[in-house]
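Q: If you read the sequence shown in our numbering, its first letter stands for residue 3, the second for the next number, and so on. The beta carbon of each residue, even a glycine, is placed where N, CA and C say it ideally should be. Below is a structure I'd like to ask you about.
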Amino acid sequence: MPKTMKEHWDSVYSSQPVTQLGWYEPQPTPSLQLIERCGMDKQEAVLDIGSGASTLINALLEQGYENIYALDISEIALQKARAELGAEKANRVQWLVEDITQPAKAFNLSEIALWHDRAVFHFFTDPQQRQDYLTTLLRVLRPGGYVILAAFAIGGASKCSGLDIRNYDTESLTQFLGSDFKIIESRQHTHQMPSGDLRPYVYTLFQRRKKS
């Protein structure tokens, strides 16, 4: 019987140390550089999609961000993240265990200033999944808010963690978000996996247009 997405990711995070996972990065430098460009107040709300056991949450806490939501479909991934942070830091983060295409808690958020997604969106190969994702994004992100989308670049790997993905470039991500958003920056980044293999990414920063 095929695994559900939750079962798949729980299994992935249970099977090996976080530092051996292909997408692990000791320092989330590209994301931090784009977040810095947003020029946000540290009290504004940040939602990290597919947060897993990412090092981004710790980096944001260290920089003084006070209103962080970490969302992942895998409870095991978030448990590992909390353990790595330690109780004091973990208690300063809101942890959401759910599928961003079928959210319950996240759908009730509002006034999110930054939506950050490194390598989740590209797993949504079904058009309905992408539409559900966009519906949630548009509901929770405030006008003038920012979106960082990072995905496997066109010409790069077509699978990740045994699952098919869709490859993107700046144009296709811009088209996906639509006219409500303007592109602020796009960059290519090559991620070196713990195995030594290389994975080309496209990183994009968008801003939602303010209502006139």
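For W25, which residues from the same chain have a beta carbon less than 7 Å from its beta carbon, with the 5 sequence-adjacent residues on both sides left out?
A: One-based indexing of the sequence shown puts residue 25 at position 23. A121.
Q: Under DSSP, the beta strand (DSSP E) around H193 begins and ends at which residues?
A: Within the sequence shown, residue 193 is the residue found at index 191, counting from 1. Unbroken beta strand (DSSP E) run through H193: 183-194.
Q: According to DSSP, is F178 part of a helix, a strand, or is it coil?
A: As a first step, residue 178 is located in the sequence shown; it is residue number 176 there, counting from the start. If DSSP states are grouped into helix, strand and coil, F178 belongs with the helices.
Q: Take M3 and list the residues in its own chain whose beta-carbon comes closer than 6 Å to its own, dropping the five residues that flank it on each side.
A: Taking the first residue of the sequence shown as 1, we reach residue 3 at position 1. Unreliable placement is indicated for M3, whose pLDDT of 45 sits below 50; the coordinate value is still reported in the next sentence. Its chain contains no residue whose beta carbon lies nearer than 6 Å to that of M3 once the 5 sequence neighbours on both sides are disregarded.
Q: Compute the distance between the beta-carbons of G147 and I186, then report whether it is under 8 Å.
A: The residue you call residue 147 lines up with position 145 of the sequence shown. The residue you call residue 186 lines up with position 184 of the sequence shown. Going by C-beta atoms, G147 is not nearer than 8 Å to I186.
Q: Which residue marks the beginning of the alpha helix (DSSP H) containing Y15, and which one marks its end?
A: Taking the first residue of the sequence shown as position 1, residue 15 is located at position 13. Note, Y15: alpha helix (DSSP H), 7-17.
Q: Quick check on the burial criterion: 16 or more other C-beta atoms within 10 angstroms. Buried or exposed for L80?
A: Your numbering for residue 80 matches position 78 in the sequence shown. Label assigned to L80: buried.
Q: Which residue comes first and which comes last in the beta strand (DSSP E) that contains V48?
A: Here residue 48 is taken as the residue at index 46 of the sequence shown, counted from 1. Taken as a continuous stretch (DSSP letters only), the beta strand (DSSP E) holding V48 covers 47-51.
Q: What would DSSP say about R84, mapped onto helix, strand or coil?
A: Along the sequence shown, read from residue 1 onward, the residue named residue 84 stands at position 82. Of the three classes helix, strand and coil, the one that applies to R84 here is helix, per DSSP.
Q: Let me confirm a value: R210 is counted as buried when at least 16 other C-beta atoms fall within 10 Å, else exposed. Which label applies?
A: By 1-based counting over the sequence shown, the position of residue 210 is 208. Counting Cβ neighbours within 10 Å, R210 comes out buried, since at least 16 surround it.
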